[in-house]
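For the sequence shown, this note's numbering assigns the number 6 to the initial residue and increments by one for each residue that follows.
Below: one structure, written as structure tokens.
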Amino acid sequence: MRRSDVPVLRSPPFPAVPLQVSAVSRIAPGFVASGDQASTLVAAIRTARVGGPFWAPATVVAADVVVVCPVTRDEALALPSRRGDEPMLALLPDTPWAAEAVVLLGIGHVAAGIGEVDVWPLLDKAALVEAAGDDELILLALIAGIPARATTPGRFTGHGLTEGEAPPVDRAAALVALVATTLCTGVRYRDCFSGTGATPLQAVARLTEWRRLIDANRGVAVAAGIAMWKRREISRLLWNGSTPLRFARSPGRALRLASGAKGAIAAWPSRVPAGLADAATAAGVPLVRVEDGFIRSVGLGSNLHPPLSIVADSRGIYYDPTGPSDLETLLAEVDFPPALIARARALATAIVAAGISKYSSGNAPYRIDSPAGRRRVLVAGQVEDDLSVRLGGGAVAGNLDLLRRARAAEPDAFLLFKPHPDVDAGHRAGRIEDAEALLLADRVVRDVAMPALLDAVDGVHVLTSLAGYEALLRGRDVTVHGSPFYAGWGLTRDLGPTLPRRTRCLSIDELTAAALILYPRYLDPVTGLPCPPETLVQRLAAQAAPRETPLIRLRRLQGWLRRARTPIGRLA
């Protein structure tokens, strides 16, 4: 799309999201944006590589290519006669004559493409850009520092910056003036999540996040092991900018599709065969492991509440300590800048203030009636056959053994045991009788939200539960009996297996920056758009109860029936 009636800084066409919802900008004649310096905007666009259809497929080109945007068939077919020693690429409009022109240009040794393309990789290699004066490619080339030739006068000419114009005294100042005229005047910017006005720089920041997400998804060819009720959200978070995400019914078909497309498989680890990783390696197919993020939803996954946050890990997965993961690599290697640390601290403060947990929100206080002077300690139960327990649980043999170890470590403490909500819902393994638990714990707690419990205790014992990280956010001491992602960085008392790759000492803000900002991706439940974590926290804080669907109600009934019919210790 290279028209003059659309903003240069515009939103991608996200699937199933109306443009009026996703738009960060619209043409508004006479409107003057305020609050930004155009010189800062030039640098921000150049660094972020946004503007134009940055979500579109990229084209591989040779170095020093001349990029030409013919408007008519005659202009296109004249290109071979104009071609010099440099390679030439023609970007053709999506018109009826374009397909024939591609063939004829090929005969004349001019490469050609039809329709939208991500121009930034082209600008990395371009020696010259030639287009109409109203074509946004002229402006983007000038911002990127590439010579531009305008074939007609237009909104991006007249400042002495294109070939054939009288050069300005100060080229940098002329570019700033052009950007101020074309991007800060006549365009109204908005925050797509709040609907309020925004500055051009804020719009660039939003587009930057979307570009990063789309670029990360470009290599994903197919998804496998994704439950039907999660696919809408997963497809939005794994959208590659141009084509819908394909879902394969079997690992074999996923391998064939990914191999044919020379792309990766995005797989939910617990729903695909264990041998898929080896088969993918043998076939030369990358595997991206997809899991719930750490701020997931208001409601249980086992009750079929779809995730509003996922992680997509190209190295391993955060709960598997036997090998590196993207999260572990971030924690071990990233130099966290002050602005990111400040953002992480503010995010953690918002999470704690709103009472946000992985599956719930709410901060109604909970009072523990315990004897004076006794330390109050929470033991967080888990799903005993969960992959995080099987891979990172060490020598701990289930919830009862975890309770025994916690009591041995805290003989005088007032112990509270909270069963995992998926187990209590009747969907997963790990149920133990209250009478048995109370031989070790002082109280079994069920109908209290995790944030309220964490606010009420002095410390927490966990195996691999995310409750340990949520406790760290609240300043509680955490004893770890397994190998969760937050262990081994100097923040926890580690009684589990040693973690030799984790040699760095981190602050809680650094841990939060990686675990909640850099590693996951989030979906806004209101707009359906990929969003920053702060937006999701605001939405969940405002949504006190999970949204019910017939499928969710049926799933809850199934859990109740399973609890009623299944003997203790045999729920799987």
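C-beta: ideal position from N, C-alpha, C; glycine also.
- Pairing residue 298 with residue 314 gives a Cβ-Cβ distance under 8 Å.
- The alpha-carbon of residue 216 is positioned some 25 Å away from that of residue 265.
- Annotation: the region 440-518 contains the following complete segments of the alpha helix (DSSP H) (minimum length 4 residues), in chain order: 455-461, 472-478, 513-517.
- Per DSSP, the unbroken beta strand (DSSP E) holding residue 34 starts and ends at 30-37.
- For residue 23, DSSP assigns no beta-bridge partner whatsoever.
- In its chain, beyond the 5 residues on either side, 387, 394, 398, 401, 407, 486, 487 have a beta carbon closer than 7 Å to the beta carbon of residue 468.
- Secondary structure at residue 409: helix, using DSSP grouped into helix, strand and coil.
- The residue among 356, 353, 198, 95 with its C-alpha nearest the C-alpha of residue 111 is 95.
- According to the DSSP assignment, residue 350 belongs to no beta strand (DSSP E) but to the alpha helix (DSSP H) extending over 343-359.
- The C-alpha of residue 123 is placed about 5 Å away from the C-alpha of residue 59.
- For residue 130, the enclosing alpha helix (DSSP H) begins and ends at 124-130.
- With fewer than 16 other CB atoms across the displayed protein chains lying within 10 angstroms of its CB, residue 176 is exposed.
- According to DSSP, residue pairing for residue 294 in a beta bridge involves 272, 318.
- For a cut-off of 8 Å, the C-beta gap from residue 114 to residue 87 is around 12 Å, too long to register as a contact.
- The three-state secondary structure of residue 286, taken from DSSP, is helix.
- Here residue 363 carries a coil assignment [DSSP, helix/strand/coil].
- Relative to residue 446, the option among 422, 462, 260, 430 whose CA is nearest is 422.
- Separation of residue 129 and residue 84 (C-alpha to C-alpha, rounded to the nearest whole angstrom) is 22 Å.
- A Cβ-Cβ contact shorter than 8 Å links residue 155 with residue 167.
- The beta strand (DSSP E) runs lying completely inside the region 92-122 and spanning 3 residues or more are 93-97, 116-119, given in chain order.
- Taking the Cα of residue 35 as reference, the smallest distance to any Cα among 185, 137, 358 is reached at 185.
- A contact between stretches requires three or more CB pairs, one per stretch, nearer than 8 Å, and the region 90-105 fails this requirement with the region 274-291.
- Residue 267 sits in coil when the DSSP states are folded into three classes, being neither helix nor strand.
- Comparing alpha-carbon positions, the option among 425, 230, 403, 221 lying closest to residue 523 turns out to be 221.
- Residue 328 is classed as exposed because its beta carbon has fewer than 16 other beta carbons within 10 Å across all chains shown.
- Classified as exposed, residue 374 has fewer than 16 neighbouring CB atoms from the shown chains inside 10 Å of its CB.
- According to DSSP, residue 190 shares a beta bridge with 37.
- In the three-state reduction of the DSSP assignment, residue 396 falls in the helix class, which pools H, G and I.
- Take residue 318, set aside five residues on each side of it, and the residues of its chain with a beta-carbon closer than 6 Å to its own are 294, 330, 331, in chain order.
- Counting along the chain, residue 144 sits inside the alpha helix (DSSP H) bounded by residues 141-149.
- Taking C-beta atoms as the reference points, residue 55 and residue 127 fail to come closer than 8 Å.
- Rounded to whole angstroms, the separation of the alpha carbons of residue 431 and residue 252 is 29 Å.
- According to the DSSP assignment, residue 428 belongs to the alpha helix (DSSP H) that extends over 426-429.
- By DSSP's assignment, residue 195 forms a beta bridge with 202.
- Here residue 542 has 300, 352, 355, 356, 359, 361 as same chain residues with Cβ atoms under 8 Å from its own Cβ, once five neighbours each way along the sequence are excluded.
- Membership of residue 383 in the beta strand (DSSP E) is indicated by the continuous run 381-385.
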